[in-house]
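The structure appears right after this line, and notes come after that.
2 protein chains.
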Amino acid sequence: MGEKYQQLVTRLEDIQNLGKAAAVLGWDQQTYIPPASVEPRAHQLETLSRISHAMFVSEETARLLEDAAKEVEGADYDSNEASMIRVVSQDYEEQVKLPTEFVAEMSRTTTLAHEVWAKARANNDFKSFQGTLEKMFELTRQGAEYLGYPEHPYDALLNQYERGITTAQVKKIFDDHKPELVELIHAVGKNEGRVSDDVLRQDFDVEKQRAFSTEVATAIGFDFNRGRLDVAVHPFCTNFGREDVRLTTRFNPKFLNPALFGTMHEAGHGMYEQGSGADLEYTPLSGGTSLGVHESQSRMWENIVGRSRGFWQWALPRAQAHFPEQLGSVDLETFYRAINKVKRSFIRVEADESTYNLHIMLRFELEIGLMDGSVKVADLPKEWNQRFEAYLGIVPPNDTLGVLQDVHWSAGLIGYFATYALGNLLSAQYYNKALEQHPTIPEEISEGKFDTLLGWLRENIHQHGRKYTSDELTRRVTGESIQSRDYLRYLTTKYSDVYSL
Amino acid sequence: MGEKYQQLVTRLEDIQNLGKAAAVLGWDQQTYIPPASVEPRAHQLETLSRISHAMFVSEETARLLEDAAKEVEGADYDSNEASMIRVVSQDYEEQVKLPTEFVAEMSRTTTLAHEVWAKARANNDFKSFQGTLEKMFELTRQGAEYLGYPEHPYDALLNQYERGITTAQVKKIFDDHKPELVELIHAVGKNEGRVSDDVLRQDFDVEKQRAFSTEVATAIGFDFNRGRLDVAVHPFCTNFGREDVRLTTRFNPKFLNPALFGTMHEAGHGMYEQGSGADLEYTPLSGGTSLGVHESQSRMWENIVGRSRGFWQWALPRAQAHFPEQLGSVDLETFYRAINKVKRSFIRVEADESTYNLHIMLRFELEIGLMDGSVKVADLPKEWNQRFEAYLGIVPPNDTLGVLQDVHWSAGLIGYFATYALGNLLSAQYYNKALEQHPTIPEEISEGKFDTLLGWLRENIHQHGRKYTSDELTRRVTGESIQSRDYLRYLTTKYSDVYSL
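First to last, the protein sequences are chains F and U.
First residue of the first sequence: 1, per my numbering; consecutive thereafter.
First residue of the second sequence: 1, per my numbering; consecutive thereafter.
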């Protein structure tokens with residue numbers, strides 16, 4: 001490596017470390033912070049974001065980037081060096097457009113907004129959140145203008161989470177599979193009575209849930225030597241490098257699903273981070289490449305693996321050991337159907353696989369409207385409920401179960417939701433490719449062996465970190481761009497079976 | 001406030017926030033970090049310390065400090081403005097002597113050394129820690145040379161924790177009360193059998209201990225809305241501002257003392273931080289002024305209050321409600337004597353009040369020897385045990401109970417121990433002054449009312465933050481400098497009573 005390249009790497013490492021420090025403070029805010037400590041935390045995070053942004057967009061970085069680029073000229077596209085210059089240059093081009101004071105204000109606003117939202121949600125009081133939300137969308141629109149966009153301001157937002165994808169492309173992907181999804185849900189809806197999830201809705205001791213969730217996460221490959229599981233009101237996965245990945249979950253003492261499938265979901269994210277190449281650590285190439293690819297990992301482990309019949313061949317006896325009274329007498333088939341029950345419901349994170357993407361499409365449309373002005377923040381509850389009825393046939397009885405349910409907008413994460421749906425599509429697409437190369441995977445899963453699948457993911461996806469964009473990676477892995485064909489086929493096959501359609 | 005003063009304050013706020021972020025990372029390292037995550041944490045902390053040190057000792061800070069000093073010229077000594085210039089100038093003069101790379105290396109070394117020490121202690125293996133410790137003392141000697149000192153390199157270390165005090169002064173204070181301490185312990189030793197602490201050594205459920213400790217900490221005035229209590233192997237108190245103060249403790253399921261008195265101790269530190277003036281928040285004047293004054297607060301609540309007969313008039317019925325089986329039949333007098341049992345023991349943090357300062361004097365002498373080269377790191381186990389026998393008449397059976405017991409040296413906290421003994425002396429000195437002005441305090445304590453004492457501490461000590469040095473503060477509060485008279489009288493009176501001497 002050349003001298004300038006090495007200096008660039010050193011500088012970027014400091015910036016990475018500031019980001020990781022901010023992530024620790026963010027994790028603490030969601031898990032352990034005392035009630036009165038949020039405002040000082042906002043100040044601390046604002047300082048970290050201001051300093052790291054200023055360091056990154058400084059002329060010093062620009063100069064090093066330029067000089068280092070010359071040093072590595074001609075390096076292989078796949079090499080760490082060429083990838084570093086390519087990816088960091090794009091990061092730089094984006095970030096330099098944002099004034100540091102704007103970044104600091106965004107940081108401060110989101111830290112404080114979280115508390116306003118949490119209270120509004122708890123009190124079912126949209127009005128108390130409206131002003132904050134208006135400010136958040138105002139800042140976001142301003143950010144989009146700073147960043148620039150090809151057609152729609154929403155393009156600028158999508159690009160932050162899924163580099164290179166446009167609003168029009170996402171819209172097309174959604175339109176491609178919405179009709180069939182609606183049709184499937186309709187068909188299932190007519191046979192709702194065929195599946196019951198009563199077995200999952202009993203008293204489940206929280207400590208035993210924790211033990212079982214931890215056992216499952218460990219079995220599928222999450223390394224607790226390099227990570228933890230804590231409790232958060234709004235579960236998430238964060239990391240401070242591949243050696244320190246923090247999962248969170250929440251426990252419902254009367255329903256097995258949230259903690260169990262939530263932990264598998266977050267462990268899917270976590271294993272992606274733990275699998276990021278050791279040679280990329282401390283560089284901007286470390287970690288997941290996009291939120292869509294990230295979500296492909298979490299949804300694959302939560303759903304394609306975690307809600308498969310084979311997985312429960314192995315896991316049910318283990319669940320029964322933790323909960324002999326509740327699950328001792330249930331048979332595999334009943335349990336398998338229960339965890340795959342389709343139910344049109346209000347809360348996205350509790351939605352089944354078939355209705356999930358409709359929850360996303362609704363948010364996607366609202367966000368676009370909020371960005372181009374065709375939807376007003378004040379009208380959100382009404383707009384939300386109208387769409388909800390149109391897509392899912394039910395109307396949220398209150399805003400807590402409606403427009404106030406998600407943490408994202410208060411956190412400034414606008415343009416983020418779409419990646420959940422993209423992740424669902426990618427999960428099936430990647431999994432099918434893994435199967436094609438390793439047809440024994442389903443059989444192994446039914447024996448509690450997950451290393452062939454995890455090894456395949458490590459090799460084809462995790463180790464590359466941010467070297468490739470989502471689309472580059474998907475083409476490398478599957479030979480084509482993202483498509484909804486595989487996911488639709490997966491859903492149709494599964495639900496035809498579960499509901500005997 | 002002038003323009004330059006305001007700019008100075010803003011700049012210092014960023015530096016404060018970087019320090020607070022580092023404190024969050026440090027807290028996490030001691031409480032929740034996964035085993036394999038220590039090395040990346042060392043990198044993160046190194047980055048934070050390097051950036052904040054560089055920001056603080058920059059020419060920009062020097063210039064602002066100079067210009068701001070002119071703006072506030074003539075301001076009252078006690079004013080925030082004059083205090084800010086005075087204290088920050090001293091901070092600057094010290095810190096600017098340390099090269100930023102030295103500060104970064106110190107940070108990295110201490111983060112990693114903690115794990116080496118923890119393993120060595122667990123395995124009773126001094127040899128495995130020796131090299132790390134040699135490096136630590138080498139770095140510390142280097143640091144003392146950078147900082148400069150009036151007579152002895154150890155002066156430079158003391159000054160970091162207790163600004164202005166010298167090795168010779170501490171030595172004199174120690175020499176002043178060592179003979180009487182030894183005599184007292186001797187007198188008590190001849191009557192050891194008169195007091196039993198069996199009642200404290202039973203099975204105490206950890207969750208109930210947590211509940212009782214929390215109840216007591218809340219009652220004496222620790223605000224859990226602005227703080228937490230967690231578990232750490234080596235209990236400590238840290239803070240990220242007056243609104244976020246984190247206590248830690250450890251639970252022994254067979255001994256009531258460590259968690260209970262440990263929590264009162266850390267709550268004493270915590271209340272000092274929570275009581276720091278709101279107008280000083282986000283400035284370098286916030287927080288405790290010195291470790292000695294800090295320790296005066298923790299030891300006052302742990303011992304002068306927490307081990308008093310009056311306190312247990314109020315607290316014993318509460319303890320009995322948590323532990324009816326274990327404590328239901330014990331009378332106040334037996335309990336009071338039990339918690340004040342004197343026992344020559346190996347572990348400093350478990351030492352009773354009379355032997356505690358001897359544990360400190362031993363460390364003080366060793367540190368001085370290590371700094372001036374008269375003691376070698378390799379000889380520490382031997383040197384430790386020899387002195388231990390001379391002072392306390394017993395010899396540690398292994399290094400885990402001897403030279404490896406404390407976290408401090410691995411953390412680079414050399415020169416720190418003396419402040420514990422100074423804190424003991426100050427605790428009696430301050431408490432006597434409070435009594436002089438509010439003679440009803442003991443009676444109030446026996447009724448579970450702690451606000452007169454806490455209010456007095458808030459007004460006379462806490463609110464001033466770092467405005468005054470330890471000596472300035474002690475003179476303001478008590479009319480004289482630190483002395484051992486009050487503490488010796490307190491001990492003699494108490495133990496004459498408890499042991500019927």
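In this text, a Cβ means the ideal position worked out from N, Cα and C, and glycines have one as well.
Please read all numbers here as calculations on a predicted model, not as lab measurements.
query: Inter-residue Cα distance where the pair is glutamate 273 (chain U) and asparagine 17 (chain U); result: 16 Å
query: Closer than 8 Å to chain F by CB, isoleucine 33 (chain U); result: yes
query: Cβ of isoleucine 220 (chain U) within 8 Å of any chain F Cβ; result: no
query: The stretch 446-465 of chain U contacting the stretch 292-306 of chain U, beta-carbon criterion three pairs below 8 Å; result: yes
query: Arginine 344 (chain U) versus U:Lys382, U:Gly373, U:Gly369 and U:Leu401, residue with shortest Cα-Cα distance; result: U:Leu401
query: Segment limits, alpha helix (DSSP H) that includes aspartate 406 (chain F); result: Per DSSP, aspartate 406 (chain F) belongs to no alpha helix (DSSP H) and is neither H nor E.
query: Buried or exposed (CB count within 10 angstroms, at least 16 for buried), methionine 1 (chain F); result: exposed
query: 6 Å CB neighbourhood of phenylalanine 56 (chain U) in its chain, flanking five on each side removed; result: Ile15 and Gln95
query: Selected residue, minimal CA-CA separation from tyrosine 356 (chain F), among F:His177, F:Thr214 and F:Trp117; result: F:His177
query: Nearest candidate by alpha-carbon position, reference phenylalanine 240 (chain F), set F:Lys172, F:Thr214, F:Ser276 and F:Glu145; result: F:Ser276
query: Min CB distance glutamine 44 (chain U) to chain F below 8 Å; result: yes
query: 6 Å CB neighbourhood of phenylalanine 222 (chain U) in its chain, flanking five on each side removed; result: Ala267, Gly270 and Met271
query: Where valine 330 (chain U) sits in the DSSP three-state scheme; result: coil
query: Cβ neighbour criterion (16 or more within 10 Å) applied to glutamine 386 (chain F); result: exposed
query: Neighbouring residues, chain F, relative to proline 40 (chain U) (Cβ below 7 Å); result: Phe240, Gly241, Glu243 and Asp244
query: Residues bridged to valine 245 (chain U) [DSSP beta-bridge criterion]; result: U:Gly227 and U:Asn239
query: Positions along the stretch 199-219 of chain F whose CB lies within less than 7 Å of some CB in chain U; result: none
query: Selection from U:Phe388, U:Phe346, U:Asp372 and U:Leu112 that minimises the alpha carbon distance to glutamine 405 (chain U); result: U:Phe346
query: Cβ separation of leucine 426 (chain F) and glycine 262 (chain F), assumed to be a contact under 8 Å, to the nearest whole Å; result: That pair is no contact at about 20 Å.
query: Cross-strand partners of phenylalanine 538 (chain U) (DSSP beta bridge); result: In the structure displayed, chain U extends from 1 to 501; residue 538 (chain U) sits before or after that span and is not available.
query: Three CB pairs or more closer than 8 Å across the stretch 132-150 of chain F and the stretch 74-87 of chain F; result: no
query: Assumed close pair serine 354 (chain U), leucine 247 (chain U) - CB separation to whole angstroms, cut-off 8 Å; result: Not confirmed; about 26 Å, so no contact.
query: Within chain F, partners of glycine 20 (chain U) - CB distance below 8 Å; result: It should be noted that the sequence gives lysine, not glycine, for residue 20 (chain U). Chain F residues near lysine 20 (chain U): Pro40 and Gln44.
query: CB-CB length for phenylalanine 204 (chain U) against glutamine 7 (chain U), believed under 8 Å; result: So it is not a contact: roughly 55 Å between Cβ atoms.
query: Nearest-angstrom Cα separation, counted from aspartate 67 (chain F) out to proline 381 (chain U); result: 54 Å
query: Proximity of serine 128 (chain U) and alanine 120 (chain U) at Cβ, strictly below 8 Å; result: yes
query: Beta-carbon proximity of glycine 415 (chain F) to tyrosine 154 (chain F), cut-off 8 Å; result: yes
query: CB contact below 8 Å: threonine 263 (chain U) versus chain F; result: no
query: For leucine 435 (chain F), three-class secondary structure by DSSP; result: helix
query: CB contact check: glycine 275 (chain U) to chain F, cutoff 8 Å; result: no
query: C-beta neighbour in chain U for aspartate 352 (chain F), strict 8 Å; result: no
query: Cutoff 8 Å: arginine 466 (chain F) Cβ touching any chain U Cβ; result: no
query: Bounding residues of the alpha helix (DSSP H) (the contiguous stretch that carries glycine 143 (chain F)); result: 127-147
query: Interface flag, arginine 226 (chain U) vs chain F, CB-CB below 8 Å; result: yes
query: Glutamate 138 (chain F): CB within 7 Å of a non-hydrogen atom of the ligand PLP; result: In the structure on display, the ligand PLP does not appear, and there are no ligands present to speak of.
query: Boundaries (first-last residue) of the alpha helix (DSSP H) holding serine 410 (chain U); result: Here serine 410 (chain U) belongs to no alpha helix (DSSP H), and DSSP marks it neither H nor E.
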